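Numbering (the UniProt record's numbering), first residue to last: 1 to 438.
What follows is the structure, encoded as structure tokens:
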């Protein structure tokens with residue numbers, strides 16, 4: 001998964017100049033989702049939706065920098081229990097990098113990990129199973145270095161592998177430079193596009209390594225973005241990162257599984273919450289989720305057995321503000337304390353950050369911006385008061401609000417009721433009703 005890679009910022013989706021030959025090749029050989037949505041318009045909540053198959057607010061990841069509760073059943077835990085060796089690398093931005101925290105990747109079911117918090121740097125500070133390292137190199141290159149090392153280590157094992165590799169790019173400030181001097185010089189947003197091409201080159205490295213070690217044929221490889229891109233003109237809709245309108249949620253998404261020859265392209269809406277049930281179904285692993293999921297199993301759509309989504313997709317953002325979790329500050333400070341045998345000052349606050357917090361929000365809470373995608377209709381609810389309705393087939397840029405049209409009155413009332421019911425369910429989850437407190 002990339003960080004801030006917008007839907008239209010790929011060659012295969014028709015960008016006029018950005019070079020993404022490896023993603024383009026992946027699209028040709030795999031299954032492309034044309035209408036794929038991030039779970040939220042910023043990264044941390046989307047990451048929680050990937051891990052759990054649930055609306056991120058249910059998991060208490062209400063905005064960027066929030067920690068996911070360890071009470072959640074993750075895809076890492078489920079596959080680990082099914083006998084997989086599990087690893088996660090790169091920008092997690094979903095919990096702690098400290099060894100003793102219940103919110104680190106071990107608590108999410110990952111047996112090996114090298115991760116950053118919110119990082120997008122060259123020469124990043126990363127946590128290797130709780131020991132902080134100052135690594136030299138481009139963050140996206142280091143991520144794939146660690147991923148490849150994991151693959152080589154376990155390729156001859158009799159256990160299947162599950163690997164999560166989350167890029168720190170193309171998030172600003174865009175210091176990473178791809179192979180090819182002078183690429184995009186003179187173009188607006190040149191740094192953003194350079195990082196996309198660097199990321200693409202690393203996708204190519206990973207695919208080549210899968211072939212080299214002889215496991216490509218029976219490997220499911222999935223790629224997507226974590227939220228809308230940074231360039232409004234190519235976002236694939238209205239708005240960009242940070243917005244609940246289409247441009248803030250729509251992302252590139254491709255699934256490849258050579259052995260099954262899953263090829264094609266679909267307009268059926270899908271989201272990152274669908275990955276948990278879908279990947280488990282494709283792998284033949286039973287879900288262990290004890291809590292209600294928002295995602296659905298898309299395997300029948302991927303295999304061509306169905307052509308419609310079975311239920312709507314809900315979105316909700318800005319219920320709470322985000323929190324700063326900078327790797328180059330937090331992890332650097334922890335590393336220096338570790339080197340001198342001192343206790344980190346982050347222990348008291350961050351070790352159990354968000355773990356034991358069960359704020360009791362009223363069920364009718366409607367702060368922020370929510371939406372209900374019942375294809376092709378999309379209803380927006382803004383700060384609980386304002387409603388907008390769009391037909392995404394006729395009006396993909398969401399320019400013509402139909403909510404006041406008499407001919408749509410019944411539809412609006414039905415969708416209002418469905419969205420309100422879903423939001424109440426999400427609040428009950430946020431309040432802790434889905435699980436016993438630890």
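In this text, a Cβ means the ideal position worked out from N, Cα and C, and glycines have one as well. Note that this is a predicted model, so its numbers are computed, not measured.
Using a beta-carbon distance below 8 Å, is residue i in contact with chain B?
i	result
residue 78	You won't find chain B in this structure, because it holds only one protein chain.
With DSSP as the reference, please indicate the residues paired to residue i in a beta bridge.
i	result
residue 225	2
residue 132	127
residue 150	Answer is none; residue 150 lacks a bridge partner.
residue 265	32
residue 317	369
residue 112	87
residue 391	377
residue 250	37
residue 385	Residue 385 is not bridged to any residue.
Could you check what DSSP says for residue i in three-state terms: helix, strand or coil?
i	result
residue 19	coil
residue 437	Residue placement at residue 437 cannot be trusted, given a pLDDT of 46 that sits under 50; what the coordinates show is reported in the next sentence. If DSSP states are grouped into helix, strand and coil, residue 437 belongs with coil.
residue 422	helix
residue 415	helix
residue 95	coil
residue 259	helix
residue 11	coil
residue 61	coil
residue 177	coil
residue 141	helix
residue 71	coil
residue 85	strand
residue 232	helix
residue 40	coil
residue 50	helix
residue 122	strand
residue 398	coil
residue 357	coil
residue 427	helix
residue 24	helix
residue 432	coil
residue 404	coil
residue 55	coil
residue 102	coil
residue 80	helix
residue 159	coil
residue 445	Outside the shown range of the chain, which is 1 to 438, sits residue 445, and nothing can be said about it.
With distances taken from CA atoms, which of the options is nearest residue i?
i	options	result
residue 92	108, 37, 219	108
residue 371	406, 317, 394, 333	317
residue 314	299, 423, 12	423
residue 364	417, 329, 28	417
residue 285	34, 75, 31	75
residue 118	409, 368, 331	331
residue 112	359, 153, 87	87
residue 281	9, 168, 21, 53	53
residue 310	90, 298, 243	298
residue 120	384, 43, 20	43
residue 179	435, 360, 407, 19	19
residue 62	144, 320, 6	320
residue 67	78, 79, 51	51
residue 273	28, 11, 13, 58	58
residue 23	16, 11, 15	11
Inter-stretch contact at 8 Å, needing at least 3 Cβ pairs: the stretch 195-205 / the stretch 136-144
yes
Specify whether the stretch 81-98 and the stretch 172-179 touch according to this definition: at least 3 beta carbon pairs, one from each stretch, less than 8 Å apart.
no
Count the CB pairs spanning the stretch 390-403 and the stretch 234-245 that are closer than 8 Å, and state whether there are at least three.
yes
Please give me, in chain order, every unbroken run of the alpha helix (DSSP H) with length at least 4 that falls completely inside the stretch 263-342.
275-283, 299-302, 327-339
Is it a yes or a no for the stretch 126-135 touching the stretch 148-168, going by three-plus beta-carbon pairs under 8 Å?
no
Is there contact here, the stretch 429-436 with the stretch 322-337, by at least three beta-carbon pairs under 8 Å?
no
The stretch 295-306 / the stretch 72-87 touching (three or more Cβ pairs under 8 Å):
no
What are the uninterrupted segments assigned as alpha helix (DSSP H) that are 4 or more residues long and contained completely in the stretch 161-215, given in chain order?
190-212
Can you confirm whether the stretch 35-47 touches the stretch 257-265 when touching is taken to mean that 3 or more C-beta pairs between the two stretches lie within less than 8 Å?
no
Is the stretch 215-230 in contact with the stretch 376-389, if contact means three or more CB pairs nearer than 8 Å?
no
Are the stretch 288-304 and the stretch 271-279 in contact at 8 Å, needing three or more beta carbon pairs?
yes
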